[in-house]
Structures are given as structure tokens and as C-alpha cells.
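Here the sequence shown is numbered in the numbering used here, starting from 110 and rising by one per residue. Built from N, CA and C at the ideal position, the CB exists for glycine as well. These notes concern the structure reproduced below.
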Amino acid sequence: MVKRSYNIDVVLHALSDPTRRQVVERLSQGPASVSDLAKPFSMAMPSFMQHLDILESTQLIYTEKVGRVRYCYLNQNPFSVMESWLQAQKSLWETRLNQLDKFLLKTKGKKI
Numbered sequence: 110m111v112k113r114s115y116n117i118d119v120v121l122h123a124l125s126d127p128t129r130r131q132v133v134e135r136l137s138q139g140p141a142s143v144s145d146l147a148k149p150f151s152m153a154m155p156s157f158m159q160h161l162d163i164l165e166s167t168q169l170i171y172t173e174k175v176g177r178v179r180y181c182y183l184n185q186n187p188f189s190v191m192e193s194w195l196q197a198q199k200s201l202w203e204t205r206l207n208q209l210d211k212f213l214l215k216t217k218g219k220k221i
């Protein structure tokens, strides 16, 4: 199996749109047809397809045509890039806040 690397900037850009986030949220429950995904949105199908194209080009989703129906599936792999980045940020800020807490406790009652 080929290991792919995913660019966090591309993933975040794809998820910056509320429509695309809602599609990803829906697909986290399982595969869905394009028409089922489009139902909650009040936009023309070509406009909705542009959103799917962006999600597919960033490999957040993949599609498969079965007969006349196109199904969309969520690809979990790109989310590991975001998870790693968020974990690094969490670790960094926890360290900084702990240092601030120690400093404030140390200087408590002292005039600065």
C-alpha cells in the first residue's frame, strides 16, 4: 500500500466552507449518494458538485459510480494530518500555560 502525505493547508482550505464541512459530517455516518448529500442544500446541482470536486481533489472523500448512482465515501487518512497538527498545538499551549501558571504562582503576592 502506498503511503500518501496530505497537506494540512489544502485540507483546512477544503474544510473552510460550511457546505463542505456538513458534507464531511454527513459522510462520517457512512456512504451516501450525491443526490442524498445535495438534498439539504438549496443550491443547483452543478454548484454542489463543485464542493464535491474540491473535497475529492483534496482526497477527503472518494466517489464510486454504481450503475447510474454516484456514491461518496469519507477518506479518514487526511484527518490524521490535522490530528497530528492539533495535538502538537495542544502540547505547545499546555506547556506555555503551565509555565505561565508556575510564574503567576511564584510571583503571587510579590510586587512586580
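**Study point:** Boundaries of the beta strand (DSSP E) in which residue 183 is found, first to last residue
**Key:** Going by DSSP, residue 183 is part of the beta strand (DSSP E) stretching over 178–183.
**Study point:** Cβ pair count under 8 Å reaching 3, the segment 118–133 against the segment 154–172
**Key:** Yes: the two stretches touch, three or more of their Cβ pairs being nearer than 8 Å.
**Study point:** Cut-off 7 Å between Cβ atoms - residues of its own chain near residue 191, not counting five sequence neighbours on either side
**Key:** Excluding residues within five positions, the ones whose Cβ falls inside 7 Å are 117, 120.
Review point. Taking just the CA atoms, how far does residue 179 sit from residue 187?
Key: Each residue's Cα considered, the two are about 22 Å apart.
Check your understanding: Pairing CB atoms from the segment 132–145 with CB atoms from the segment 189–209, are three or more of them under 8 Å?
Key -> Below 8 Å, too few C-beta pairs join the segment 132–145 and the segment 189–209 to call them touching: fewer than three.
Check your understanding: Would residue 132 be called buried (16 or more neighbouring beta carbons within 10 Å of its own) or exposed?
Key -> By the C-beta density criterion, residue 132 is buried, having at least 16 other C-beta atoms within 10 angstroms.
Exercise for review: Return the CA-CA distance between residue 216 and residue 194, expressed in angstroms with no decimal places.
Suggested key: Here the C-alpha atom of residue 216 lies approximately 33 Å from the C-alpha atom of residue 194.
Review point. Would the beta-carbon of residue 115 fall within 8 Å of that of residue 168?
Key: For residue 115 and residue 168, yes; Cβs fall inside 8 Å.
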